[in-house]
Amino acid sequence: MTVITKIVDGQSGSIKIDLPPEFHNKKVEIIILPIEESKNSGQSLQELLLAAPTLSDAELQEYDDVRTSIEKWIIRGF
44 MTVITKIVDG
54 QSGSIKIDLP
64 PEFHNKKVEI
74 IILPIEESKN
84 SGQSLQELLL
94 AAPTLSDAEL
104 QEYDDVRTSI
114 EKWIIRGF
């Protein structure tokens with residue numbers, strides 16, 4: 044299924060949509076949704092990543108141990 048998404052500024056009160064040839068002579072559904080602006084829209088990705096929580100070496104090792112243990116499980120069908 045072909046989908047077209049387009050973000051436009053609605054200040055003029057109207058928009059123009061050019062349909063690709065595969066949509067010609069077909070019914071189409073048009074959905075218009077407002078975009079909610081994020082409070083952190085000006086925040087850079089680097090700032091976001093640097094502010095994110097991190098795992099200690101001990102926590103990383105515990106994660107790896109659990110993952111290794113799970114990988115050894117034998118799953119049998121029902």
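When we follow my numbering, the leftmost residue of the sequence shown carries the number 44, and every step to the right adds one. We put the CB at the ideal spot given by N, CA and C, even for glycine. All values reported here derive from a predicted model rather than from experimental measurement.
Spatial neighbours of residue i within its chain, please: C-beta separation below 7 Å, excluding the five flanking residues on both sides.
i	result
residue 58	51
residue 78	50
Kindly indicate which three-state DSSP category residue i falls into: helix, strand or coil?
i	result
residue 86	coil
residue 112	helix
residue 94	helix
residue 103	helix
residue 65	helix
residue 55	helix
Could you name the residues of the same chain whose beta carbon sits closer than 8 Å to that of residue i, not counting the 5 residues immediately before and after it, in chain order?
i	result
residue 45	63, 65, 66
Compare the C-alpha of residue i against each of the options and name the closest.
i	options	result
residue 60	69, 48, 68	48
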